[in-house]
Structures are given as C-alpha cells and as structure tokens.
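Number of protein chains: 2
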Amino acid sequence: MASIITVNLPQHSYDIMIVPGSLGRLGEYMANLKLGNKVLLISNPIIFKHYGQKVINSLESEGFKVAHQILPAGEQYKNPNSIQKIYDVALANHLERSSTMIALGGGVIGDMTGFASATWLRGIHFIQVPTSLLAMVDAAIGGKTGVNHVQGKNLIGAFHQPDLVLIDPYILRTLPSREFRAGMAEIIKYGIIWDTELFARLEKSKNLSQLWHIKSELMDFILQYSCQAKVDIVSKDEKETGLRTILNYGHTIGHAVESLTGYTQLTHGEATAIGMFAAGEIAIKLGMWTKENSQRQNALIEKAGLKTKLPDSLNISKIIDALQKDKKVKEGKVRFILPTQIGGVEITDRVPTTAIYEVLSSMRTRD
Amino acid sequence: MASIITVNLPQHSYDIMIVPGSLGRLGEYMANLKLGNKVLLISNPIIFKHYGQKVINSLESEGFKVAHQILPAGEQYKNPNSIQKIYDVALANHLERSSTMIALGGGVIGDMTGFASATWLRGIHFIQVPTSLLAMVDAAIGGKTGVNHVQGKNLIGAFHQPDLVLIDPYILRTLPSREFRAGMAEIIKYGIIWDTELFARLEKSKNLSQLWHIKSELMDFILQYSCQAKVDIVSKDEKETGLRTILNYGHTIGHAVESLTGYTQLTHGEATAIGMFAAGEIAIKLGMWTKENSQRQNALIEKAGLKTKLPDSLNISKIIDALQKDKKVKEGKVRFILPTQIGGVEITDRVPTTAIYEVLSSMRTRD
Ligand SMILES: NC(=O)c1ccc[n+]([C@@H]2O[C@H](COP(=O)([O-])OP(=O)(O)OC[C@H]3O[C@@H](n4cnc5c(N)ncnc54)[C@H](O)[C@@H]3O)[C@@H](O)[C@H]2O)c1
Ligand SMILES: NC(=O)c1ccc[n+]([C@@H]2O[C@H](COP(=O)([O-])OP(=O)(O)OC[C@H]3O[C@@H](n4cnc5c(N)ncnc54)[C@H](O)[C@@H]3O)[C@@H](O)[C@H]2O)c1
Ligand SMILES: [Zn+2]
Ligand SMILES: [Zn+2]
Numbered sequence: 001m002a003s004i005i006t007v008n009l010p011q012h013s014y015d016i017m018i019v020p021g022s023l024g025r026l027g028e029y030m031a032n033l034k035l036g037n038k039v040l041l042i043s044n045p046i047i048f049k050h051y052g053q054k055v056i057n058s059l060e061s062e063g064f065k066v067a068h069q070i071l072p073a074g075e076q077y078k079n080p081n082s083i084q085k086i087y088d089v090a091l092a093n094h095l096e097r098s099s100t101m102i103a104l105g106g107g108v109i110g111d112m113t114g115f116a117s118a119t120w121l122r123g124i125h126f127i128q129v130p131t132s133l134l135a136m137v138d139a140a141i142g143g144k145t146g147v148n149h150v151q152g153k154n155l156i157g158a159f160h161q162p163d164l165v166l167i168d169p170y171i172l173r174t175l176p177s178r179e180f181r182a183g184m185a186e187i188i189k190y191g192i193i194w195d196t197e198l199f200a201r202l203e204k205s206k207n208l209s210q211l212w213h214i215k216s217e218l219m220d221f222i223l224q225y226s227c228q229a230k231v232d233i234v235s236k237d238e239k240e241t242g243l244r245t246i247l248n249y250g251h252t253i254g255h256a257v258e259s260l261t262g263y264t265q266l267t268h269g270e271a272t273a274i275g276m277f278a279a280g281e282i283a284i285k286l287g288m289w290t291k292e293n294s295q296r297q298n299a300l301i302e303k304a305g306l307k308t309k310l311p312d313s314l315n316i317s318k319i320i321d322a323l324q325k326d327k328k329v330k331e332g333k334v335r336f337i338l339p340t341q342i343g344g345v346e347i348t349d350r351v352p353t354t355a356i357y358e359v360l361s362s363m364r365t366r367d
Numbered sequence: 001m002a003s004i005i006t007v008n009l010p011q012h013s014y015d016i017m018i019v020p021g022s023l024g025r026l027g028e029y030m031a032n033l034k035l036g037n038k039v040l041l042i043s044n045p046i047i048f049k050h051y052g053q054k055v056i057n058s059l060e061s062e063g064f065k066v067a068h069q070i071l072p073a074g075e076q077y078k079n080p081n082s083i084q085k086i087y088d089v090a091l092a093n094h095l096e097r098s099s100t101m102i103a104l105g106g107g108v109i110g111d112m113t114g115f116a117s118a119t120w121l122r123g124i125h126f127i128q129v130p131t132s133l134l135a136m137v138d139a140a141i142g143g144k145t146g147v148n149h150v151q152g153k154n155l156i157g158a159f160h161q162p163d164l165v166l167i168d169p170y171i172l173r174t175l176p177s178r179e180f181r182a183g184m185a186e187i188i189k190y191g192i193i194w195d196t197e198l199f200a201r202l203e204k205s206k207n208l209s210q211l212w213h214i215k216s217e218l219m220d221f222i223l224q225y226s227c228q229a230k231v232d233i234v235s236k237d238e239k240e241t242g243l244r245t246i247l248n249y250g251h252t253i254g255h256a257v258e259s260l261t262g263y264t265q266l267t268h269g270e271a272t273a274i275g276m277f278a279a280g281e282i283a284i285k286l287g288m289w290t291k292e293n294s295q296r297q298n299a300l301i302e303k304a305g306l307k308t309k310l311p312d313s314l315n316i317s318k319i320i321d322a323l324q325k326d327k328k329v330k331e332g333k334v335r336f337i338l339p340t341q342i343g344g345v346e347i348t349d350r351v352p353t354t355a356i357y358e359v360l361s362s363m364r365t366r367d
C-alpha cells in the first residue's frame, strides 16, 4: 500500500509519501523533483550504519553527487555547534541554492538538517527521511526546524518547509521499542484532539506497544491518518498563531515532568502520556468531558505500554512551579488544552491550581 | 519633510519612514505598531555612544522594557559567534514571540540583528534603524539578513522582513566621509539600473562626496528615491529568483576587486565604483550603450569622490580568475549586468573574456 498526502501551503507545496520499502527509491523520487544535483545527507552513526549506504546508492544511481555528514546521536548534540559542522561540509562541497540537504534520522537529525538548510545561502532545498515513529508522524511535518540553546529547548530555529517527506515504514523495524512508544503517544494524541476514525482504529488493535504487534495494514493506516492530522492542523496555521496550540495536548504537564526529570529519565512520549492522563482528569473535574471517554483514552495509553503514574522522585509543588515558568504562559496564567470529546479539545487558561494539585496528587504511586 | 514608503509583500507589510530628527521618536512609532513591550537593542560602541541613550530614552518613555547588547564594530565580527551573544541576552531578558530586536547601526549590525531576530524563537519582530548611508538605502531594505562563514561572505542567513525601517538623515552627520561615499556608490547604481529621475537630480548637484555639500532637501529626495528603487526591485522578487540580480550592477568586478584586496584596502563602495566604470566600458565595447551615457555615469562617480582606476597591487589575470569563482557563475559563465541606457540594464553571460581583459587593462594607473 502506498499513500501520498499533498501539502498545499500558500507559497509552497510538497508531498508526504508513505510507501513501504521505498527507501531505496529515494533517488528516483528526487529526480522527479528536478532539484540540483548536489546533495548533502545528514545522519547519526546508528541510523547511517543501517540505512546510509542504501540511500547513497539510490541517489548516486540517479546521478546525484552525494556528500554526507554524520553527527553524534542525542538531543544534547542538537545545538549551534552541530549546525556549524553542517555549514562546513556544505561549504567544502560547494552546495548551491539549487542543492538539497537530506535528513536521514529521527527528530533530532530532522530539526538540525532543516535549520541548516533554512539558513545556508538563506535557504536551500530540504528532504526529510524520518526514521523514528515520532519523526514520521510529528517532527518531519510542519516546517518547524531548529536547535537548542544551552539554557532552553528549541529556542533557535526557523520555519522551513521540505520539498519531500519520504516515509518508509520498514525502517521502523530497527527502532528501539521505547522510541516506538514515544511516537505512539503522539498518535494517540491525534486521536483525542482531531480524528475519531484514527481513535477507533487504535481501539480495535490489541497491542500498540511494539511494531511487531501491529499488522502492517494497520501501521500504514496509522501513519497515514496521523500525518494527515498533523498536516490538517499545521496547514490551517502555518506560523503557529492559533490552532497549532492544540498539538500541545498532554504537553503542558508533560513538559514540566520532562524538564524536572532532566530529560533523561523519561522519553518525551512517556512524559506526554502522563500529561494526557492528567489533562483528562482535569477535564473531568471541570465537567468538560466524561469519565467514560477518559477511560477510553487511558486504555489506549496502556495498550501502548505507557505509564500514567508520576515518577516517585517528583514533588508536586515543583511541577506546579514549572508550569508557571513554561514559555506558553501568558500573564501568569497556565494555558491548558483539555479534551471535550474523542476528537475535540478546548484551550483554556481557567484551570484552578487546586484542580491541578488534586489531579497530580492522585497520580503518585505512593501517598 | 517626511516621507513614508509602504512596502507591501504578500504576507507582510511595513513602512520605511524617512523623517529628519526622528530618532528620538522611535518609541512613539513603535508604540503605534502594537508590538510586545520587551525590546533588545543591538549596536556597536561608536554608534551606541552617539545615539544609544537617545533611543533608549525614547523607548522607555513609551513604556518599553529595553535591554541592549553592544557588539564590536567591523565586518570581521559579522559571524555566528556574535549571533550567539545576541541569543544569550535574548534569553537572559526573556524575549518572547511578541518582543522586538532593534538594529541601531550600519549594514553589519542590521544584518546580524535581522538574522538573530529571524531565528530566535523561529522569528520575532525586528526594527531597522540604519545609521550609515549604505544601510539606509540598501542593507536595511529587502529582508536579507545573515552573517559570514569564515570562508565566505553572507553564506549563512535568512529572509526576514522588518516591522519598521526608521531613517533619520541627521544621523549621517557623524558618519565618516569614506563611509558616506560607500553609500553614494549604491545610490548612483540605482540611477543607472532603475531611476532616471534620481539620476537627473544627482547630475544637478555639484558635489556628492560629503553630506555637507548636499542640501538637505536634495538629501531627503535622494534617500526617498533610492529606498523606493530598492523597494520596487525587491518587492517584485522577494526571494531573489530573478529581477534582484540587477542590484548586482557594478558588483561583479567590484566583488572580485574587493576580495583580491582582502576587503580592507577598499570600501565596498569604492570597489563598486570601479565595477560600475568597468561595466560601462564593457557595455560600450559590446555596442550596448553609448560613450555619452558612460561619461554621464562616470561624472557622477567622480562627483562622489570615488575612483575608477584599479589599485596598483592588482593583477588582471587574478581578477579574471576571481570572476570565474564567484558564486553567481553558472556553468562556468560569468554573468554581467550591463547598462543599456540611463535607468536600464540587461543581464548577460556572453561577455568575451578578451573584452573584460581589455577594459581592465585600460583601468590600470600605469602600463
Ligand atoms: N520540528 C517539529 O515540529 C518537532 C516535533 C516534535 C519533536 N521534535 C523534535 O524531535 C526530537 C525528538 O525526535 P525523536 O524522538 O525522533 O528523537 P531522536 O531523533 O533522538 O531519535 C530517537 C532515537 O532513536 C534512534 N533511531 C531513530 N530512528 C531509528 C531507526 N530507524 N533505527 C534505529 N534507531 C533509530 C536515534 O538514533 C535516537 O537514538 C526532539 O529534538 C524534538 O524537539 C520536533
Ligand atoms: N542585507 C542586505 O541586503 C545588504 C545589502 C548591502 C550590504 N549589506 C551588508 O552591509 C554591510 C555593510 O554595511 P555598512 O557599509 O553600513 O558597514 P558598517 O555597518 O560596518 O558601517 C560602516 C562603518 O560606519 C560606522 N558608522 C555607521 N553609522 C555611523 C554613524 N551614523 N556615525 C558614525 N559612524 C557610523 C560603523 O561603526 C562602521 O565602522 C556588509 O556586511 C554587507 O554585507 C547587506
Ligand atoms: Zn510531542
Ligand atoms: Zn553593494
């Protein structure tokens, strides 16, 4: 099965192609785009070892001149220094305005390659080949690119749209299960905030925690509907002035939990799962949605092998302090995205601190 | 006299205000734009000493919270390291999406502040207060921002449009004459490539080499018509895919001469003057324009106190080599912008190397 989602933006259009086994055909697809013949491939050592040569062969067989730069794996390398390294190889290989940078990796490689391509010669072509589930359904779509400042995540960046996003679900076979679940958290999120059909299909599946529990048709369906959800939302709000906020569902408390545990103890998806659970409980308390819907959400989180209890180490007042410091706070009020139905959320800054406190207290493993 | 040029781009509009004595009213103008109340002012030590406090007072009296960052003067500091310093103060002062960075300086400060504002939080507001003549009529307009890579000028950058360009001609009083003439070279360029009326007014003036030789009404006229010329050209070609190329008139040979003399011996304007003279001579040789028009151009160059002879140190074959290496070269052919009339140029890659050689030879001071 192959599906193509065409993203139409006011100044630019591109395709998201979801095609099993397509990695070795990247060269062909690229040739169709009529871009210049110089290509710079960016990856990390693990991913390059699995897939790098295949991509290079495919590109070279179509006549592209391919240089590559391998950056160390890990969020801690998503910084200006890595961007400088990309610039250096771009220069050494005489990349021109017509040239293309290709990201072969998860969100970290995608965000960095996107930013380097946004700023080299004030913007060159850019192709995303996401290799993690999270990158496929989330990071590779929407045009946000960037790196971290030592003191804060994603503070430096640019909007820059790709010319192609190529998703080959087979690549997921080598993805560690914990990373798979991180992507699944975002997929469940799309079910809650946007797409009832996606939610229903997830409910029908017995297990969502690892790739081999999921039939390949279902996996294709999940990828297609998730990408479509993200495309729908970001296309309506390209520069993040309104609607895009709903993508932060589960991320308000999620981010606080992530940062308080130093971004190491939990994956982003594990923190998001905790955040979605908490948002559901808060919404029940405010009379915005039903216990039954909340249980349906939480059943998916569980099937994805994600936990909903707070890590023991966390102090609840500290979480509440961290919420206040979040960059999404306006005039001291924490903005929550709360569910009102399956497939629908509301944005509100009227959540009483006592409600947050009570919900978080109920999420401790011990009392 | 005050004039306002409104720049209408598909996704953004802003004003260029040319108002003598307006520097102390920046706060008022900014208040009208309804931007957030946090401001980061970027300048260099010389300019900040003259004008920094005046700008800060004006902003603070309108309730803005102003932080500032002073970067060392000079093209050699237009690099990623200076951008990192801007990020650091942006973080320390909690700049938000609604906040504004203000460039108070020449093109160097303008390009860097523009790039930092383009990439901090993926783009925040940006105001240009150009203080050099070149920045007023050229660098501050068009949305090109960026810094240099150690191995090449302006290789790193982004397109980012300002929310306001405030031009106070009085600021030019402290500008060194050599820098004034650098700006005048670009103004003469606009006369040749675009605007016959501007050209005619320049012809009527006795001396164009220093501010105090020019009546203030004429100076206002020059600023207004030059800004309008740049706006016309860049608005028709926001992302530099075609028409903008004509802005490189005089810059083909100019750049070669600049880089071969290490960017220190000549100002950019001095190199451009040499380049415009050479382009005129080449155009005559190719039968594209008349000796008479060429002499009219060269008379302006002379009135601006700019020279048209090559520096003694330069070897002509080296200039021709450098032309071949220029980034504007496509498939080994040097692209020239050549005049065909006063107010009109053509782009051509069919200039025989012998013609370039002969013209450059005639421009030596000794034989
Ligand atoms: N731009 C956006 O809109 C956006 C959205 C969400 C997240 N992000 C960013 O994305 C990043 C997180 O992305 P991520 O979760 O993909 O992290 P990641 O890129 O660090 O990848 C996670 C891990 O999985 C490994 N990996 C990836 N694909 C693999 C494969 N096929 N086989 C084997 N190993 C593989 C990586 O080497 C890494 O160790 C964060 O930096 C986040 O800020 C960006
Ligand atoms: N973005 C664009 O479209 C664009 C276009 C042309 C040039 N540029 C860039 O602009 C830069 C050149 O700009 P520039 O010529 O303004 O150089 P600059 O910024 O270095 O200024 C020239 C000198 O004049 C001094 N100065 C400026 N204003 C002054 C004032 N009012 N009083 C006293 N001293 C003053 C500065 O301190 C500096 O020493 C280059 O980096 C070039 O790449 C950009
Ligand atoms: Zn997320
Ligand atoms: Zn110039």
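Residue numbers (full-length UniProt numbering), protein chains in the order written: chain L, 1 to 367; chain D, 1 to 367. C-beta atoms are modelled at their ideal positions from N, C-alpha and C, and glycine is treated no differently.
Among residues of its own chain, excluding the 5 on either side of residue i, which ones have a beta-carbon nearer than 8 Å to its beta-carbon?
| i | result |
| --- | --- |
| V150/D | N79 |
| S61/L | G27 |
| F115/L | I83, T145, G146, V147, I156, G157, A158, H160 |
| V108/L | N44, A73, G74, E75, Y77, K78 |
Can you tell me whether residue i is helix, strand or coil according to DSSP?
| i | result |
| --- | --- |
| H94/L | coil |
| K65/L | strand |
| W271/D | Before going further, note that residue 271/D is Ala rather than Trp in the sequence given. Correct three-state label for A271/D: helix. |
| K318/D | helix |
| Q11/L | coil |
| P45/L | helix |
| L266/D | coil |
| M1/D | coil |
| V19/L | coil |
| I337/L | strand |
| I342/D | coil |
| K54/L | helix |
| V39/D | strand |
| residue 370/L | With chain L running from 1 to 367 in the structure shown, residue 370/L is simply not present. |
| L354/L | Sequence check: residue 354/L is Thr here, not Leu. DSSP places T354/L in helix when its eight states are reduced to three. |
Quick one: Cα of residue i to Cα of residue j, how far?
| i | j | result |
| --- | --- | --- |
| A278/D | D349/D | 15 Å |
| I316/D | Q265/D | 17 Å |
| M101/L | N44/L | 14 Å |
| G105/D | Y77/D | 14 Å |
| L310/L | Y249/L | 17 Å |
| H125/D | S99/D | 6 Å |
| R178/D | G305/D | 9 Å |
| W289/L | I301/L | 18 Å |
| M17/L | V129/L | 10 Å |
| residue 369/L | I56/L | Because chain L spans 1 through 367 in this model, residue 369/L falls outside it and cannot be assessed. |
| L243/D | Q297/D | 22 Å |
| residue 385/D | T119/L | No answer is possible for residue 385/D: the residues shown for chain D start at 1 and end at 367. |
| L339/D | T272/D | Looking at the sequence shown, residue 339/D is not Leu but Pro. Between P339/D and T272/D, the C-alpha separation is close to 14 Å. |
Does the Cβ-Cβ distance between residue i and residue j come in under 7 Å?
| i | j | result |
| --- | --- | --- |
| R97/D | L59/D | no |
| L23/L | D220/L | no |
| N32/L | F64/L | no |
| A229/L | Y190/L | yes |
| L133/D | G52/D | no |
| I253/L | A355/L | no |
| I246/D | N293/D | no |
| L41/D | H68/D | yes |
| E258/D | L9/D | no |
Closer than 6 Å by C-beta to residue i: which residues in its own chain qualify, once you throw out the five before and the five after it? Chain order, please.
| i | result |
| --- | --- |
| V334/D | L323 |
Leaving out the 5 sequence neighbours to the left and right, which residues in its chain are closer than 7 Å to residue i when beta-carbon positions are compared?
| i | result |
| --- | --- |
| I193/L | I246, Y249, V345 |
| N154/L | G146, N148 |
message = I'd like the ranges of any alpha helix (DSSP H) spanning at least 4 consecutive residues and lying wholly in the UniProt domain "3-dehydroquinate synthase N-terminal" (70-181) of chain L.
response = 80-92, 107-119
request  = May I have a chain-ordered list of the alpha helix (DSSP H) segments no shorter than 4 residues that lie completely inside the UniProt domain "3-dehydroquinate synthase C-terminal" (183-329) of chain D?
outcome  = 196-204, 216-235, 251-260, 268-285, 291-303, 316-325
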